[in-house]
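Student:
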Amino acid sequence: MGPAVTVATCALNQWALDFEGNLERIVRSIDIARSRGARYRLGPELEICGYGCSDHYYESDTLLHSFQVLEKLLESPATQDIICDVGMPVLHRNVRYNCRVIFLNKKILLIRPKIALANAGNYRELRWFTPWSKARHVEEYFLPRIIQEVTGQETVPFGDAVLATKDTCLGAEMCEELWTPNSPHIDMGLDGVEIFTNSSGSHHVLRKAHTRVDLVNSATAKNGGIYIFANQKGCDGDRLYYDGCAMISMNGETVAQGSQFSLDDVEVLVATLDLEDVRSYRAEISSRNLAASKVNPYPRVKVNFALSRADDVAVPTCVPIQWRYHSPEEEISLGPACWLWDYLRRSKQAGFLLPLSGGIDSSATACIVYSMCHQVCLAVKNGNADVLADARRIVHDETYIPEDPREFCKRVFTTCYMASENSSQDTCNRAKLLAEQIGSYHINLNIDVAVKAVVGIFSMVTGRTPRFSVYGGSSRESLALQNVQARIRMVLAYLFAQLTLWARGMPGGLLVLGSANVDESLRGYLTKYDCSSADINPIGGVSKTDLKNFIQYCIENFQLTALRSIMSAPPTAELEPLVDGQVAQTDEADMGMTYAELSIYGKLRKIAKAGPYSMFCKLINMWKEICTPREVASKVKHFFRMYSLNRHKMTTLTPSYHAENYSPEDNRFDLRPFLYNTTWSWQFKCIDKQVSAL
Numbered sequence: 000m001g002p003a004v005t006v007a008t009c010a011l012n013q014w015a016l017d018f019e020g021n022l023e024r025i026v027r028s029i030d031i032a033r034s035r036g037a038r039y040r041l042g043p044e045l046e047i048c049g050y051g052c053s054d055h056y057y058e059s060d061t062l063l064h065s066f067q068v069l070e071k072l073l074e075s076p077a078t079q080d081i082i083c084d085v086g087m088p089v090l091h092r093n094v095r096y097n098c099r100v101i102f103l104n105k106k107i108l109l110i111r112p113k114i115a116l117a118n119a120g121n122y123r124e125l126r127w128f129t130p131w132s133k134a135r136h137v138e139e140y141f142l143p144r145i146i147q148e149v150t151g152q153e154t155v156p157f158g159d160a161v162l163a164t165k166d167t168c169l170g171a172e173m174c175e176e177l178w179t180p181n182s183p184h185i186d187m188g189l190d191g192v193e194i195f196t197n198s199s200g201s202h203h204v205l206r207k208a209h210t211r212v213d214l215v216n217s218a219t220a221k222n223g224g225i226y227i228f229a230n231q232k233g234c235d236g237d238r239l240y241y242d243g244c245a246m247i248s249m250n251g252e253t254v255a256q257g258s259q260f261s262l263d264d265v266e267v268l269v270a271t272l273d274l275e276d277v278r279s280y281r282a283e284i285s286s287r288n289l290a291a292s293k294v295n296p297y298p299r300v301k302v303n304f305a306l307s308r309a310d311d312v313a314v315p316t317c318v319p320i321q322w323r324y325h326s327p328e329e330e331i332s333l334g335p336a337c338w339l340w341d342y343l344r345r346s347k348q349a350g351f352l353l354p355l356s357g358g359i360d361s362s363a364t365a366c367i368v369y370s371m372c373h374q375v376c377l378a379v380k381n382g383n384a385d386v387l388a389d390a391r392r393i394v395h396d397e398t399y400i401p402e403d404p405r406e407f408c409k410r411v412f413t414t415c416y417m418a419s420e421n422s423s424q425d426t427c428n429r430a431k432l433l434a435e436q437i438g439s440y441h442i443n444l445n446i447d448v449a450v451k452a453v454v455g456i457f458s459m460v461t462g463r464t465p466r467f468s469v470y471g472g473s474s475r476e477s478l479a480l481q482n483v484q485a486r487i488r489m490v491l492a493y494l495f496a497q498l499t500l501w502a503r504g505m506p507g508g509l510l511v512l513g514s515a516n517v518d519e520s521l522r523g524y525l526t527k528y529d530c531s532s533a534d535i536n537p538i539g540g541v542s543k544t545d546l547k548n549f550i551q552y553c554i555e556n557f558q559l560t561a562l563r564s565i566m567s568a569p570p571t572a573e574l575e576p577l578v579d580g581q582v583a584q585t586d587e588a589d590m591g592m593t594y595a596e597l598s599i600y601g602k603l604r605k606i607a608k609a610g611p612y613s614m615f616c617k618l619i620n621m622w623k624e625i626c627t628p629r630e631v632a633s634k635v636k637h638f639f640r641m642y643s644l645n646r647h648k649m650t651t652l653t654p655s656y657h658a659e660n661y662s663p664e665d666n667r668f669d670l671r672p673f674l675y676n677t678t679w680s681w682q683f684k685c686i687d688k689q690v691s692a693l
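For the sequence shown, numbering that gives the first Met the number 0 gives the first residue as 0, with consecutive numbering after it.
#1: Helix, strand or coil: which one does DSSP assign to residue 165?
#2: For residue 165 versus residue 305, is the C-beta distance shorter than 8 Å?
#3: What residue range does the beta strand (DSSP E) around residue 267 cover?
#4: With DSSP as the reference, please indicate the residues paired to residue 554 in a beta bridge.
#5: Do you know offhand how far residue 24's Cα is from residue 30's?
#6: Using the C-alpha atoms, what's the distance from residue 504 back to residue 12?
#7: Check whether chain D comes within 8 Å of residue 240, counting only Cβ atoms and requiring the distance to be less than that.
#8: From residue 380 to residue 610, what distance separates their C-alpha atoms?
#9: Determine whether the beta carbon atoms of residue 14 and residue 257 lie at a separation below 8 Å.
#10: Below 6 Å CB to CB, which residues in the same chain sit around residue 182 once its five sequence neighbours on both sides are set aside?
#11: Which stretch, first to last residue, makes up the beta strand (DSSP E) that contains residue 442?
#12: Could you check which residue in 316, 190, 219, 384 has the C-alpha nearest to that of residue 298?
#13: Does the segment 226 to 235 come within contact of the segment 312 to 329, defined as at least 3 CB pairs closer than 8 Å?
#14: May I have the straight-line CA-CA distance separating residue 463 from residue 456, to the nearest angstrom?
#15: Mark residue 459 as exposed unless 16 or more other C-beta atoms lie within 10 angstroms of its C-beta, in which case mark it buried.
#16: Spatial neighbours of residue 346 within its chain, please: CB distance less than 6 Å, with the 5 preceding and 5 following residues excluded, ordered by chain position.
#17: Are the CB atoms of residue 426 and residue 356 nearer to each other than 8 Å?
#18: Between which residues of its own chain and residue 90 is the CB-CB distance below 6 Å, once the five residues before and five after are set aside?
#19: With a 10 Å radius around its C-beta and 16 neighbouring C-beta atoms as the bar for buried, classify residue 681 as buried or exposed.
#20: Of all the options 566, 113, 302, 402, which has the alpha carbon lying nearest to the alpha carbon of residue 99?
#21: What whole-angstrom Cβ distance do residue 49 and residue 17 have, given they're in contact under 8 Å?
#22: So what does DSSP say about residue 136, is it helix, strand or coil?
#23: Going by DSSP, which residues form a beta bridge with residue 400?
#24: Whose C-beta lies closer than 8 Å to the C-beta of residue 140 among residues of the same chain, with five residues either side of it excluded?
#25: So residue 198 packs on residue 174, CB below 8 Å; how close in whole Å?
#26: Is the beta carbon of residue 671 less than 8 Å from the beta carbon of residue 640?
#27: Between which two residues does the beta strand (DSSP E) holding residue 31 run?
#28: List in chain order: all unbroken alpha helix (DSSP H) runs of 4+ residues lying wholly within the segment 338 to 388.
#29: Do residue 259 and residue 208 count as a contact pair if the criterion is CB distance below 8 Å?
#30: Given that a residue counts as buried once 16 or more other Cβ atoms are within 10 Å of its Cβ, and exposed if not, what is residue 288?
#31: Touching or not, the segment 405 to 418 and the segment 432 to 450, by the rule of three or more beta carbon pairs under 8 Å?
#32: Assuming residue 163 contacts residue 300 under a Cβ cut-off of 8 Å, what Cβ separation, rounded to an integer in Å, is found between them?
#33: Using 10 angstroms around the beta-carbon of residue 266, count the other beta-carbons present and answer buried if the total reaches 16, otherwise exposed.
#34: By the three-class DSSP mapping on this structure, what secondary structure does residue 174 have?
#35: On the DSSP letters alone, give me the boundaries of the alpha helix (DSSP H) that residue 146 sits inside.
#36: According to DSSP, simplified to helix, strand and coil, what is residue 686?
Right, dumping it as structure tokens:
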């Protein structure tokens with residue numbers, strides 16, 4: 000039996016620039032780790048200031064306040080006799096680095112700067128930080144005076160080094176470094192490092208958890224060792240939801256799993272592991288040992304401290320477990336719900352308002368709010384005092400206890416069906432029934448008076464009255480009349496969000512929820528500044544296909560039978576006149592493509608990096624059983640015409656929960672022009688040439 004080490008990792012719901020709250024959560028996590036016997040505690044990336052500070056990293060205030068928090072941590076009794084590994088930005092020789100600061104008993108052991116920065120998709124780390132490019136090199140870092148006064152140190156090691164304790168050796172990785180082809184843990188493991196740590200700011204994407212878990216386990220499968228993974232959780236102040244999943248792995252197998260979605264601001268995982276298991280695992284891998292004999296050694300910082308205890312012979316150690324993954328439907332139910340809760344409590348609003356049309360998208364959004372209410376009630380039942388305090392503040396009742404999701408939903412969620420002369424009784428009934436089943440405060444209103452007033456102003460000024468195409472009007476007239484309805488709904492949504500609670504004699508205002516899915520945004524099948532324009536949108540990164548599956552999940556798990564008729568109805572905007580009292584307009588007919596096709600176009604455009612010609616070449620093989628090359632060409636051309644024609648709408652897209660890697664979100668994920676030559680003349684000629692050849 001070798002020395003048994005007890006280590007802790009955590010997932011913290013940190014908030015950008017919330018230094019006071021971030022400090023409290025860090026200290027709480029260290030307290031929990033110590034109380035459970037841990038001798039080492041790892042936290043998320045940039046946990047002191049919060050990961051999502053963006054251009055605030057340029058400000059000296061962010062650096063100053065980070066060091067002030069570090070000062071408090073060094074002085075705290077909670078940090079004594081445990082190695083603490085925290086994240087913060089550090090300026091070294093006038094260069095800003097994303098760093099781990101590792102300390103023990105009021106002494107800083109090492110400042111380790113990040114080597115590989117995340118700079119794709121939602122990440123822009125190279126904008127604010129510089130990667131440390133001096134492999135296995137350490138320099139002196141001159142500490143600020145406020146830190147010197149606590150530690151008694153003038154300088155500390157800064158660079159690419161590892162820690163050598165009395166009983167083992169630890170090496171740090173940071174987030175992106177796990178995902179790079181030549182991760183630091185490879186050479187560190189060959190150099191005798193037995194415990195690898197990874198502090199991350201890794202956000203949720205549907206179906207991503209498998210990849211992350213496989214990477215962590217594979218890090219020690221070939222080389223042996225213990226891998227400790229910490230992550231940010233919650234809404235850090237923008238479109239991303241960081242989904243925790245803190246974990247500890249040994250020799251390629253998971254031994255401790257944290258939750259992916261929860262309302263707990265602080266979650267700590269502790270594991271006791273036998274270092275002899277690492278050493279015996281490595282002993283029989285001859286290829287690894289041959290490589291280790293030739294490795295270039297890392298600088299070692301000696302630490303007069305042990306992660307094991309002298310009397311650890313009888314201490315039970317952790318055994319491998321099977322990782323429990325959520326289905327995509329569960330992810331949609333839980334991730335956006337947790338994101339909405341963070342947004343609601345941190346914005347200090349009193350609830351949400353949703354224009355509920357009776358269609359799949361707005362109904363899915365309503366179900367996510369209902370799921371949020373379920374999570375709140377469950378957290379309170381499990382003794383989460385933070386959630387209870389937040390719920391009481393939101394409903395302005397210091398004695399309130401949320402126990403029934405429907406009752407809590409009634410307090411924080413208002414739904415509104417905005418009928419027009421083009422709305423069917425079916426959608427009205429569906430919206431009303433769903434509202435009853437989830438418990439929302441439901442409003443029925445008619446917008447015809449407002450629509451006629453706005454169109455009347457135009458007619459009075461111009462002397463012309465536009466008509467729908469079914470009444471002899473042009474397509475321009477018909478589209479304008481549809482857009483007026485949609486935009487009036489947006490104006491009314493904000494009016495009711497501001498004053499509904501006032502009219503009911505209650506304090507506060509409501510956040511307006513949007514419900515455009517990722518496929519509609521990609522195609523531009525929405526009116527600019529209509530009900531898709533809201534404060535936030537929990538389904539803006541979710542495909543129509545996934546939303547349909549989620550609706551089925553809600554029928555089965557929440558017993559929302561009203562969703563059955565919503566599922567079976569064809570998607571429609573209900574902006575054109577009814578025919579014999581029935582809806583004649585459908586989304587897919589309007590768009591000239593199916594939602595299934597849109598998902599394929601989106602993945603090829605963004606994930607496969609395909610322009611018109613490349614997309615055509617891929618699809619003639621994918622669809623060879625169902626389409627001729629000429630039909631494929633026609634579909635691809637239509638998609639790119641519509642996509643480019645409507646791209647300008649992405650510049651005002653409501654901030655949406657990021658859940659898909661083919662999102663067209665213009666803020667930072669999918670950067671494209673919004674004024675295109677929509678003829679794509681050169682590209683389409685290349686397609687036509689290939690069609691002729693085929």
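A virtual CB, placed ideally from N, CA and C, is assigned to each residue, including glycine.
Tutor: To lay it out plainly:
#1: It is coil, neither helix nor strand.
#2: yes
#3: Where residue 267 is concerned, the enclosing beta strand (DSSP E) stretches over 265 to 273.
#4: Its beta-bridge partners do not exist; DSSP assigns none.
#5: In a straight line, the C-alpha of residue 24 is about 10 Å away from that of residue 30.
#6: Answer to the nearest angstrom: the Cα atoms are 34 Å apart.
#7: Of the protein chains in this structure there is only one, and it is not chain D.
#8: 52 Å
#9: Residue 257 is positioned such that its CB atom lies no closer than 8 Å to that of residue 14.
#10: 176
#11: 440 to 445
#12: The residue with the shortest Cα to Cα distance from residue 298 is 190.
#13: no
#14: 10 Å
#15: exposed
#16: Beyond the five residues adjoining it in sequence on each side, residue 346 comes within less than 6 Å, by CB distance, of no other residue in the same chain.
#17: yes
#18: 62
#19: exposed
#20: 113
#21: 6 Å
#22: coil
#23: Note: residue 400 sits in no beta bridge, so no partner.
#24: 89, 91, 110, 154, 155, 156, 157
#25: Between residue 198 and residue 174 a beta carbon distance of about 7 Å is seen, short of the 8 Å cut, so the two are scored as contacting.
#26: no
#27: In the DSSP assignment, residue 31 falls outside any beta strand (DSSP E) and within the unbroken alpha helix (DSSP H) covering 18 to 34.
#28: You should have 359 to 380.
#29: It is a contact, given that the beta carbons lie within the stated cut-off.
#30: exposed
#31: The segment 405 to 418 vs the segment 432 to 450: in contact.
#32: 7 Å
#33: buried
#34: coil
#35: Judged by DSSP secondary structure, residue 146 falls within the alpha helix (DSSP H) whose first and last residues are 144 to 150.
#36: helix
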